[in-house]
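Participant: Pasting a structure here, questions to come.
Protein chains: 2
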Amino acid sequence: MKTSPKTSTDLSAQIAAAIRDAIVSGDLIVNQRLPCEAELAEQFTVSRPTVREALKRLAAQSLIRTQRGATGGAFVNRISFEEAYSQHITTSTLLLSMNAVSFETACEARYALERACAPLSAARRSADHLATMRAECHRQAQPGLTDEAFCASDVAFHRALVDGTGNPVMSYQLAGAVEAMQPLMNMITFTARSRGEIVALHTQVTDALEARDAGAADTALCELERYTLHLGRDVMAKRAKSRENLTATH
Amino acid sequence: MKTSPKTSTDLSAQIAAAIRDAIVSGDLIVNQRLPCEAELAEQFTVSRPTVREALKRLAAQSLIRTQRGATGGAFVNRISFEEAYSQHITTSTLLLSMNAVSFETACEARYALERACAPLSAARRSADHLATMRAECHRQAQPGLTDEAFCASDVAFHRALVDGTGNPVMSYQLAGAVEAMQPLMNMITFTARSRGEIVALHTQVTDALEARDAGAADTALCELERYTLHLGRDVMAKRAKSRENLTATH
DNA sequence: TGTCAAATTAATGTCAGACAATTAGAAACC
DNA sequence: GGTTTCTAATTGTCTGACATTAATTTGACA
Chain Z
0 MKTSPKTSTD LSAQIAAAIR DAIVSGDLIV NQRLPCEAEL AEQFTVSRPT
50 VREALKRLAA QSLIRTQRGA TGGAFVNRIS FEEAYSQHIT TSTLLLSMNA
100 VSFETACEAR YALERACAPL SAARRSADHL ATMRAECHRQ AQPGLTDEAF
150 CASDVAFHRA LVDGTGNPVM SYQLAGAVEA MQPLMNMITF TARSRGEIVA
200 LHTQVTDALE ARDAGAADTA LCELERYTLH LGRDVMAKRA KSRENLTATH
Chain U
0 MKTSPKTSTD LSAQIAAAIR DAIVSGDLIV NQRLPCEAEL AEQFTVSRPT
50 VREALKRLAA QSLIRTQRGA TGGAFVNRIS FEEAYSQHIT TSTLLLSMNA
100 VSFETACEAR YALERACAPL SAARRSADHL ATMRAECHRQ AQPGLTDEAF
150 CASDVAFHRA LVDGTGNPVM SYQLAGAVEA MQPLMNMITF TARSRGEIVA
200 LHTQVTDALE ARDAGAADTA LCELERYTLH LGRDVMAKRA KSRENLTATH
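Protein chains in written order, with numbering that gives the first Met the number 0: chain Z, 0 to 249; chain U, 0 to 249.
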């Protein structure tokens with residue numbers, strides 16, 4: 000646990016990196032207690048605030064947790080799937096929104112990955128998963144729904160589809176792809192007709208999984224991708240045109 | 000940008016959450032400068048060290064970057080694909096290693112996702128991607144290679160396969176699945192025979208992509224999954240047995 | 001002697017104020 | 001006009017102190 004040679008970065012970043020390496024490499028194991036802040040300060044020959052900044056960096060990545068009191072301190076944290084989900088989703092969402100990733104690219108990735116779930120989900124989905132999917136289909140068909148609520152339900156539907164694989168690693172990896180699309184989807188104004196189309200395709204997917212028919216699920220997802228892309232392209236084209244006009248008036 | 004109602008957590012965590020929300024919601028846009036630390040301290044009615052801890056939390060997630068000097072400060076960071084990769088890989092690796100995810104589960108997820116890349120990669124791979132894959136195959140066939148170097152080359156091969164899709168979102172999402180498997184793969188001792196088998200399958204995948212034959216690529220990847228699983232199961236069974244013995248002697 | 005309450009202690013959380021280091025831009029000088 | 005120097009703004013770091021929290025020990029009392 001010694002400081003890295005690069006002196007250009009912050010001390011707190013160096014210390015955080017050193018401790019992170021120790022955790023990743025297995026030198027520090029889950030639930031192991033780190034030395035108290037004062038001791039760390041001494042070891043790294045820095046002040047306590049600097050150590051604290053380093054620890055906060057690690058806490059932000061859920062690598063450690065801290066506890067107050069006599070037997071408190073910083074402990075190596077067993078990162079939970081929930082924490083990992085949430086981090087992955089935040090990062091994915093920002094990555095997409097900040098880097099001008101096209102609707103096409105994001106959509107393609109999302110459906111390619113979802114289709115990878117279809118065979119596993121067809122084989123393993125529980126009655127619970129099916130029930131969730133049916134419930135979301137039903138919700139999506141209700142007339143009073145806002146576009147945002149419709150999108151949220153859409154995400155819930157797809158999450159159930161992914162969870163149907165019974166593979167938590169799949170759920171984790173897909174979380175980013177599915178959830179990060181939501182802001183892009185939220186740009187779309189769903190007409191009654193397009194909603195009907197989507198619900199029909201969702202129902203088709205659900206039916207296929209109920210019948211444990213991977214091929215049919217794949218087909219329905221392809222259709223859904225095609226249709227989503229169609230909806231998205233309209234919106235994106237309009238936005239691009241309005242941006243163009245704005246630039247022209249400058 | 001005001002503090003959330005929950006008072007149970009750290010002030011620095013609350014402030015970090017408030018600023019993060021402002022970034023995610025778009026209130027703060029890319030490259031926008033945050034108020035200086037003293038001002039933030041005043042706004043949130045906390046001290047500067049507390050603000051700094053909050054900013055370090057955000058910096059750890061690449062949400063902001065800081066700059067010293069007269070026109071310095073904290074700026075909303077456009078998170079790059081590289082930064083996102085690296086975070087995703089760290090999280091994925093720890094998630095797998097700390098939560099006793101079985102080799103089977105991880106392997107299944109990885110190959111399910113990689114197979115999702117096959118059709119796209121067959122359609123779009125460049126000559127560069129093929130060259131990288133061939134080069135890695137060649138490296139893997141060299142006799143003096145350590146197991147770790149073999150694994151590293153394996154990862155490089157699969158990364159090229161994924162990058163062949165030409166879809167950066169796919170590359171990002173897959174990075175976690177591919178790289179996080181490496182520690183698990185590193186447990187395996189590759190015999191000359193198993194290496195030969197793997198290189199043959201890698202070559203088969205490469206040939207399929209060169210021929211733009213998605214079906215053949217899928218078949219080869221299935222074979223590779225089957226074989227990897229076979230190798231992994233042996234190792235994991237042995238490890239489980241030795242753990243069992245350890246527990247029995249307690 | 002057993003039980004409950006109070007004191008102790010060790011740790012993190014927060015604060016205040018100071019100084020160092022860095023950097024952009026303004027001012028001064030040639 | 002171009003170059004150098006100065007200045008100001010901002011983050012980085014340190015010191016020392018106090019507040020808060022929670023486990024442990026101590027001690028009083030039944």
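No residue lacks a Cβ here, since even glycine has one placed at the ideal position from N, Cα and C.
Does any CB atom of chain U fall closer than 7 Å to the CB of Z/E224?
Facilitator: no
Participant: So that I know if they touch, is there some Cβ in chain U lying closer than 7 Å to that of Z/I78?
Facilitator: yes
Participant: Under 7 Å, do Z/L223 and Z/L173 count as touching if we go by C-beta distance?
Facilitator: no
Participant: DSSP three-state label for U/V45, please.
Facilitator: coil
Participant: Taking 6 Å as the cut-off, does the CB of Z/A111 come closer than this to any heavy atom belonging to the ligand HEM?
Facilitator: In the structure shown, the ligand HEM is absent, as is every other ligand, since no ligand is present at all.
Participant: Kindly list the residues whose CB is nearer than 8 Å to the CB of Z/G74, restricted to its own chain and excluding five residues on each side of it in sequence; keep chain order.
Facilitator: Residue 74 of chain Z is actually Phe in this sequence, not Gly. Cβ neighbours of Z/F74 beyond the five flanking positions: N30, Q31, R32, L33, I63, R64, T65, Q66.
Participant: With a CB to CB cut of under 7 Å and the five nearest residues on each side skipped, what residues in its chain are close to U/P118?
Facilitator: A213
Participant: What are the start and end residues of the alpha helix (DSSP H) that includes Z/I88?
Facilitator: Z/I88 -> alpha helix (DSSP H) spans 80-97.
Participant: In three-state DSSP terms, what is Z/G161?
Facilitator: A quick correction: the sequence has Val, not Gly, at residue 161 of chain Z. Helix at Z/V161.
Participant: Can you give me the Cβ contacts of Z/S91 inside the same chain, cut-off strictly under 6 Å, excluding the 5 residues immediately before and after it?
Facilitator: If the five residues before and after Z/S91 are omitted, its C-beta is found closer than 6 Å to the C-beta atoms of G175, A179, all from its own chain and listed in chain order.
Participant: Would Z/P182 count as contacting chain U if we go by Cβ distances under 7 Å?
Facilitator: no
Participant: Specify whether the stretch 114-134 of chain Z and the stretch 189-200 of chain Z touch according to this definition: at least 3 beta carbon pairs, one from each stretch, less than 8 Å apart.
Facilitator: no
Participant: Given a threshold of 16 other Cβ atoms within 10 Å of its Cβ, counted over all protein chains shown, does U/R114 qualify as buried or as exposed?
Facilitator: buried
Participant: Determine the closest residue to Z/G71 out of Z/G195, Z/C35, Z/A210, with distance taken between C-alpha atoms.
Facilitator: Z/C35
Participant: Do Z/K55 and U/E52 have their C-beta atoms closer together than 7 Å?
Facilitator: Judged by their CB atoms, Z/K55 and U/E52 are nearer to each other than the 7 Å cut-off.
Participant: Run through DSSP, which three-state label would U/I187 get?
Facilitator: coil
Participant: Mind reading off the beta-carbon distance from U/A219 to U/A207? Whole number of angstroms is fine, and I expect it under 8 Å.
Facilitator: With a Cβ gap of about 6 Å, U/A219 and U/A207 count as contacting.
Participant: What does U/Q66 pair with, by DSSP beta-bridge criteria?
Facilitator: U/G72
Participant: Tell me whether U/R56 sits in a helix, a strand or coil according to DSSP, three-state version.
Facilitator: helix
Participant: State buried or exposed for U/N185, treating a residue as buried only when at least 16 other CB atoms are found within 10 Å of its CB.
Facilitator: exposed
Participant: To the nearest angstrom, report how far apart U/T104 and Z/P167 are at their CA atoms.
Facilitator: 8 Å
Participant: Using a C-beta cutoff of 7 Å, does Z/R123 count as contacting chain U?
Facilitator: no
Participant: Using the C-alpha atoms, what's the distance from Z/G163 back to Z/F43?
Facilitator: Cα-Cα distance, rounded: 48 Å.
Participant: Whole angstroms is fine: what's the gap from Z/S241's alpha carbon to Z/V100's?
Facilitator: Roughly 18 Å separates the two Cα atoms.
Participant: Does U/Q60 get closer than 7 Å to chain Z when you measure Cβ to Cβ?
Facilitator: yes
Participant: Starting from Z/I28, follow the alpha helix (DSSP H) in both directions and report where the run begins and ends.
Facilitator: Note, Z/I28: premise wrong, no alpha helix (DSSP H); not H, not E.
Participant: Look at the alpha carbon of Z/T190 and the alpha carbon of Z/A140, and state the distance between them as a whole number of angstroms.
Facilitator: If you take the alpha carbons of Z/T190 and Z/A140, they lie about 12 Å apart.
Participant: From this set, Z/V204, Z/Q203, Z/A121, which residue's C-alpha is nearest Z/G165's C-alpha?
Facilitator: Z/A121
Participant: Could you tell me whether any Cβ in chain Z is nearer than 7 Å to the Cβ of U/Q86?
Facilitator: It does: the Cβ of U/Q86 has a partner Cβ on chain Z nearer than 7 Å.
Participant: Measure the beta-carbon distance from U/T49 to U/L10 and round it to whole angstroms, keeping in mind my assumption that it falls under 8 Å.
Facilitator: The pair is a contact, with the Cβ atoms about 5 Å apart (cut-off 8 Å).
Participant: Look up U/D217 in the DSSP assignment and say whether it is helix, strand or coil.
Facilitator: helix
Participant: How close, in whole Å, do the beta carbons of Z/F102 and Z/R232 come, if the pair is a contact with beta carbons under 8 Å?
Facilitator: 7 Å
Participant: Are the Cβ atoms of U/V45 and U/C116 separated by less than 7 Å?
Facilitator: no
Participant: Hey, does Z/E178 have any beta-carbon neighbour from chain U nearer than 7 Å?
Facilitator: No, Z/E178 lies away from the interface with chain U (no Cβ there is under 7 Å from its Cβ).
Participant: U/T104 by DSSP, collapsed to three states: which one?
Facilitator: helix
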